[in-house]
Amino acid sequence: MTQSSNTQEKNINTGTNVEQGLSFNEQISKMKTNVKSEIRTNDQSGRGIFALQNIPSGTLVMEDMSYASVVDDANLSIICSNCFMKGGKLLCCANCKIVYYCSKECQRNDWAIHQHECKIFVKVQRKPPTSIRLICRILIRRMSDPASFKEIENLQSNRNLFKQEKIEPFVQMSMVVRECVPKEAILNSSDMIELFCRFTENSFSIMDGEMIPNGAAIYSNTSLINHSCQPNCVVVFEKSKMMIRCIEPIMKDQEITINYIDVSQPGEERRKELQDRYYFICKCELCEYYKSKSHVDPRSALRCQNPTCSNAIEPPESLELGVEEYTSTCSVCSKEIHYDVADVEKRLSVALEFFDKGTELRDQDDRQAVTFFEQTFKIQQELLYEANYNMIRTRKTLVEIYCNLKDWKKALDHSLKLIESYRILYSKSHPLLSLQIYSTARIYLSFDYNDIKVKDLEKIDELLREALKGLEITHGYQHPITKMVEMNLWDVEGELGLKKGE
77 MTQSSNTQEK
87 NINTGTNVEQ
97 GLSFNEQISK
107 MKTNVKSEIR
117 TNDQSGRGIF
127 ALQNIPSGTL
137 VMEDMSYASV
147 VDDANLSIIC
157 SNCFMKGGKL
167 LCCANCKIVY
177 YCSKECQRND
187 WAIHQHECKI
197 FVKVQRKPPT
207 SIRLICRILI
217 RRMSDPASFK
227 EIENLQSNRN
237 LFKQEKIEPF
247 VQMSMVVREC
257 VPKEAILNSS
267 DMIELFCRFT
277 ENSFSIMDGE
287 MIPNGAAIYS
297 NTSLINHSCQ
307 PNCVVVFEKS
317 KMMIRCIEPI
327 MKDQEITINY
337 IDVSQPGEER
347 RKELQDRYYF
357 ICKCELCEYY
367 KSKSHVDPRS
377 ALRCQNPTCS
387 NAIEPPESLE
397 LGVEEYTSTC
407 SVCSKEIHYD
417 VADVEKRLSV
427 ALEFFDKGTE
437 LRDQDDRQAV
447 TFFEQTFKIQ
457 QELLYEANYN
467 MIRTRKTLVE
477 IYCNLKDWKK
487 ALDHSLKLIE
497 SYRILYSKSH
507 PLLSLQIYST
517 ARIYLSFDYN
527 DIKVKDLEKI
537 DELLREALKG
547 LEITHGYQHP
557 ITKMVEMNLW
567 DVEGELGLKK
577 GE
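Residue numbers (our numbering): 77 to 578.
Now the structure itself:
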């Protein structure tokens, strides 16, 4: 990942990698792209990929296969370590008993890499964590195909910007890596640290069709795409293949962007995460729009205290500024709203304590945990705007728990509210909105058949149609999740026809 507002970084990122003699535009020419694009640099974002043509939304902009990839620890026994297919009966590697495959063919295809790590896994008699296994696979591929490592060397490392406290864990991790790869794959200490820096800056989570992480990988080509908190493209996966799909029309000479982080976070938190991890200050349109303070960011907003209004109110900056009472005029109802800052801070702190307690209990008993999350929600609902980051987090958790408890009515109530919040935060073609709409339709379908009336089926039909329209843009017509929504829609339309005919 390449974005930077740091002048020194920009100089590192531009033009040709002289050591390897590999032009970045030569690198992009090797990518599987469906549009004309080129790598350029500008003063704001450093090196990035720019469109050489107009690109309509729904276009598959480019595809990239990983340089190396691994299934994450939690999914090793349920996802194929070669093709990332989920489900079915998987075959466990008879030697290391760590990785699983969906077929003998996948096991054979992965053997070129796995044969080296397999011996080590047996020897050390433990399962290395996800990040270590991915670094090991990068080194094993480098050992087998040295020329390919130029793709990794072309990636930005920002090593000169890493503070010592961030480098120290890499030293410890390097020692673990040395135990897990053949001797001929080991790099010297300095190069190993450089690799960890590149890994930190450029690794991606592999996600399933519902945007749930299930692995990690390095993609040497798409790492050249810069971040925006309001991106015009989105990253989706088919198994371990990464696809960059356009979700907003891109004009010729406009930069192609994706998001690196969760953009439902408030602006300050987003910028801090981007600066801490990727070493740049985000100046995208969304950040600049709310930074001016002339607009209220829904992600951090308070709720108007007028009982007949629920508009977003700009919160005070901080208790530390000595503000005891905060007054704001609502832009919708025009009422002057007064907040006791200390009281608001105290109540929100209690809500956070309840949330943390509920999180601790989730591993033991959802029935106990839900009480704490409901207490969190009760406090937040009185104080926070509906699209506030913390409100959304609490609602999402309650939906998960009520689905686990099969309390479909309560799950549905929160899920429908989440759709409203997502409409505020995201564009109509954003995948998280489409997936939330689909998730809500599935909750409806979980009700007892006799309880589902014609009006319910009509609502489900409406939700599925909207979800399908969005997913055709973000995931494509042939993606498994799109096909699944399409099948659900056919079933509902058939059921609706029968119900209306009764």
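Positions of the beta carbon are idealized from the N, C-alpha and C atoms, including for glycine.
In this text the structure is predicted, and so the values were computed from the model without any measurement.
DSSP three-state assignment for residue i, whether helix, strand or coil
i: G164; result: coil
i: S478; result: Before going further, note that residue 478 is Tyr rather than Ser in the sequence given. Reduced to three states, the DSSP call for Y478 is helix.
i: E324; result: coil
i: S279; result: strand
i: I334; result: strand
i: T473; result: helix
i: T516; result: helix
i: L98; result: Note that L98 has pLDDT 47, beneath the 50 cutoff, so the model's placement of it is unreliable and no number is given.
i: S80; result: For S80, the predicted structure reports a pLDDT of 48, less than 50, and the residue's modelled location is therefore unreliable. A value from the coordinates is still provided. Here S80 sits in coil by DSSP.
i: I413; result: strand
i: K112; result: coil
i: F272; result: helix
i: M141; result: coil
i: F523; result: coil
i: C256; result: helix
i: I528; result: coil
i: K575; result: helix
i: A377; result: coil
i: K86; result: Confidence at K86 is low in this model, with a pLDDT of 29, below 50, so the placement of that residue should be treated as unreliable; the coordinate-derived value is given next. Reduced to three states, the DSSP call for K86 is helix.
i: T384; result: coil
i: R213; result: helix
i: E436; result: helix
i: T117; result: strand
i: N564; result: helix
i: Y177; result: strand
i: A463; result: coil
Residue environment, residue i, which counts as buried when at least 16 other CB atoms sit within 10 Å
i: Y553; result: exposed
i: P307; result: buried
i: G291; result: buried
i: D352; result: exposed
i: L459; result: buried
i: A188; result: exposed
i: F257; result: Here residue 257 is Val; the residue named in the question, Phe, does not match the sequence. Classification for V257: buried.
i: S296; result: buried
i: E114; result: exposed
i: A659; result: Only positions 77 to 578 of the chain appear in the structure, and residue 659 is not among them; the question remains open.
i: Y514; result: buried
i: G546; result: buried
i: A261; result: buried
i: T452; result: buried
i: T558; result: buried
i: H506; result: buried
Beta-carbon gap between residue i and residue j smaller than 7 Å
i: N501; j: A463; result: Residue 501 is actually Leu in this sequence, not Asn. For L501 and A463, yes; Cβs fall inside 7 Å.
i: I332; j: I294; result: no
i: Y461; j: P374; result: yes
i: I519; j: S491; result: yes
i: V420; j: N387; result: no
i: V426; j: E400; result: no
i: C363; j: C305; result: yes
i: N158; j: D186; result: yes
i: F225; j: R218; result: yes
i: I413; j: Q456; result: no
i: N110; j: L136; result: yes
i: F238; j: C273; result: yes
i: I334; j: V311; result: yes
i: N130; j: K328; result: yes
i: V561; j: D537; result: no
i: R209; j: V146; result: yes
i: Y176; j: S153; result: yes
i: F448; j: K472; result: no
i: E270; j: Y143; result: no
i: I174; j: K203; result: yes
i: A543; j: S510; result: yes
i: I320; j: M138; result: yes
For residue j and residue i, believed in contact at Cβ under 8 Å, the rounded distance
i: E277; j: Q341; result: Rounded, the Cβ-Cβ distance is 20 Å, inconsistent with contact.
i: T403; j: F431; result: About 28 Å; that fails the 8 Å criterion.
i: L533; j: T516; result: At roughly 14 Å, the Cβ-Cβ gap does not stay under 8 Å, so L533 and T516 are not in contact.
i: I155; j: K165; result: No, I155 and K165 are not in contact; Cβ-Cβ is about 13 Å, not under 8 Å.
i: N171; j: V198; result: 6 Å
i: P29; j: S133; result: Residue 29 is absent from the structure shown; the chain starts at 77 and stops at 578.
i: S250; j: S265; result: 7 Å
i: Q512; j: K359; result: Between K359 and Q512 the Cβ distance is about 29 Å, and since that is not below 8 Å, they are no contact.
Residue-level contact to chain D via CB, residue i, 7 Å cutoff
i: A427; result: Absence of chain D from the displayed structure is noted, only one protein chain being present.
beta-carbon residue i near the ligand PLP non-hydrogen atom, thresh 6 Å
i: K472; result: This structure does not include the ligand PLP; it has no bound ligands of any sort.
Q: Mind listing, in chain order, the continuous alpha helix (DSSP H) runs of no fewer than 4 residues lying wholly within the segment 219-250?
A: 226-229
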